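S.K.: Take 266 as the starting number for the sequence shown in my numbering and just add one per residue. Structure incoming, see below.
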Amino acid sequence: MSSVLRVTDPGAVRWLQHARVRGVLGAFQGRANTTARAAAALHLDVRVVHRDVGRLLNAGLLRVEREVPRAGRPVRHYRAVADAFFVPFTVTDALSAAHLSERDATARDAQFRAAFTRAFEVALGSSGAREWGLRVYFDGRTSQADEGFWDADLREPLTGWQGPDGLYLQGAPEVRLTPAQAQAAQVDLIRLMMRLHAEHQANERAGRGAPFLLRVGLAPVDPRDVHVPVEPTARRGT
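Structure (structure tokens):
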């Protein structure tokens, strides 16, 4: 592990905890790079990247690898001072090791809610005058509570989606599983993320596709957890 740089300096720790600045640093790991090329690769304003490069230089996380002369100012090529960094959670502002990624997760959750709401409202607006609302009903087996169209069949969404069509999906089912079943579900979710990541890389190289956000999680529920009644349903489009 000698190639991993342990970071405890408060200034450096601050920027390694900042998602965007951390992403900018990544553009200079494993290779030298320019601010302009990094900005293009990250789809960020070059001025933002220039500012973050200054922060990383001041924090000792980035160095000038070389300068290429040209008319006017030379072009600086920067490189991260290490290709791997480690920040002990004890020197961060995290309450515990489990809370280390809480800030990024909260931001991703907010991004997902905004993106999902926008996609759902667009799809619902294209559904004509059909009325949408909360449904509480007996499906012949048990009482159900979900959302749907007024004139939709009284059956839970997992038996067949009846909502507005669109490329979106949201669900938070609480399910009872054996340890073996939970492990199998964990493997399935990891394989799904690996497959989608491979497709993402291929689409980036080909210049096709559009960004989608996938939120994945699995955790055992403890009786002491705050209980929020969750219907075993999903809201999706096709």
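By construction, the Cβ of each residue, glycine as well, lies at the ideal position given by its N, Cα and C atoms. Because the structure is a prediction, the values reported are computed rather than measured.
1. Can you tell me whether HIS342 is helix, strand or coil according to DSSP?
2. What span of residues does the alpha helix (DSSP H) with GLN376 cover, start to end?
3. Only counting runs of 3 or more residues, tell me where the beta strand (DSSP E) segments fall wholly within the region 390-476, in order along the chain.
4. Could you give the distance in angstroms between the alpha-carbon of GLU396 and the alpha-carbon of GLU412?
5. Quick check on PRO444: buried or exposed, where buried means 16 or more other Cβ atoms within 10 Å of its Cβ?
6. With burial defined as no fewer than 16 other Cβ atoms inside 10 Å of the residue's Cβ, what is the status of TRP415: buried or exposed?
7. Can the beta-carbon of ALA324 be found less than 7 Å from the beta-carbon of GLY276?
8. Quick one: measure Cβ to Cβ for GLU332 and ARG344, integer angstroms, because I've assumed they're closer than 8 Å.
9. Does the beta-carbon distance from VAL269 to ALA362 come in below 7 Å?
10. Quick check: LEU419 and TYR433, are their CB atoms within less than 7 Å of each other?
11. Taking the alpha carbon of LEU442 as the point to measure from, which residue in ALA484, GLN435, ARG473 has its own alpha carbon closest?
12. Would LEU365 and ALA359 qualify as a contact pair, given that the criterion is a beta-carbon distance under 7 Å?
13. Helix, strand or coil for ARG328? Go by DSSP, reduced to three states.
14. PRO429 to ALA375, Cα distance in whole Å?
15. Cα separation between PHE354 and ARG285?
16. Do PHE377 and ARG480 have their beta-carbon atoms positioned less than 7 Å apart in this structure?
M.R.: Looking at the atomic coordinates:
1. Stepping through the sequence shown from its first residue, residue 342 is reached at position 77. In the structure shown, HIS342 sits in a strand (DSSP, three-state: E or B).
2. If you number the sequence shown from 1, residue 376 lands on position 111. From DSSP, the alpha helix (DSSP H) with GLN376 extends over 367-390.
3. Listed in chain order, the beta strand (DSSP E) runs fully inside the region 390-476 are 397-403, 408-414, 434-436, counting runs of at least 3 residues.
4. In the sequence shown, residue 396 corresponds to position 131, counting from 1. In the sequence shown, residue 412 corresponds to position 147, counting from 1. Pairing GLU396 with GLU412, the inter-Cα distance amounts to about 11 Å.
5. In the sequence shown, the residue the question calls residue 444 occupies position 179. Exposed, by the Cβ-count rule.
6. Walking along the sequence shown from the start, residue 415 turns up at place 150. Burial check for TRP415: the Cβ neighbour count within 10 Å stays below 16, so the residue is exposed.
7. As a working note, residue 324 is residue 59 in the sequence shown. As a working note, residue 276 is residue 11 in the sequence shown. Yes, the Cβ-Cβ distance between ALA324 and GLY276 is below 7 Å.
8. As a working mapping, residue 332 is identified with position 67 in the sequence shown. As a working mapping, residue 344 is identified with position 79 in the sequence shown. Between ARG344 and GLU332 the Cβ distance is about 13 Å, and since that is not below 8 Å, they are no contact.
9. Indexing the sequence shown from 1 puts residue 269 at position 4. Indexing the sequence shown from 1 puts residue 362 at position 97. One thing to note: VAL269 has its Cβ no nearer than 7 Å to the Cβ of ALA362.
10. For the purposes of this step, residue 419 is identified with residue 154 of the sequence shown, where counting begins at 1. For the purposes of this step, residue 433 is identified with residue 168 of the sequence shown, where counting begins at 1. At least 7 Å separates the beta-carbon of LEU419 from that of TYR433.
11. As a position in the sequence shown, residue 442 is number 177, starting the count at 1. That would be ALA484, whose Cα lies nearest to the Cα of LEU442.
12. Here the question's residue 365 lines up with position 100 in the sequence shown. Here the question's residue 359 lines up with position 94 in the sequence shown. Yes, the pair counts as a contact, with Cβ atoms nearer than the cut-off.
13. Here the question's residue 328 lines up with position 63 in the sequence shown. Look at ARG328 here: in three-state DSSP terms it is strand.
14. Position 164 of the sequence shown, counted from the start, is the residue given in the question as residue 429. Position 110 of the sequence shown, counted from the start, is the residue given in the question as residue 375. PRO429 and ALA375: Cα-Cα distance of roughly 23 Å.
15. The count along the sequence shown starts at 1 and reaches residue 354 at position 89. The count along the sequence shown starts at 1 and reaches residue 285 at position 20. Straight-line Cα distance between these residues: approximately 19 Å.
16. Here the question's residue 480 lines up with position 215 in the sequence shown. Here the question's residue 377 lines up with position 112 in the sequence shown. Result yes, Cβ atoms of ARG480 and PHE377 sit closer than 7 Å.
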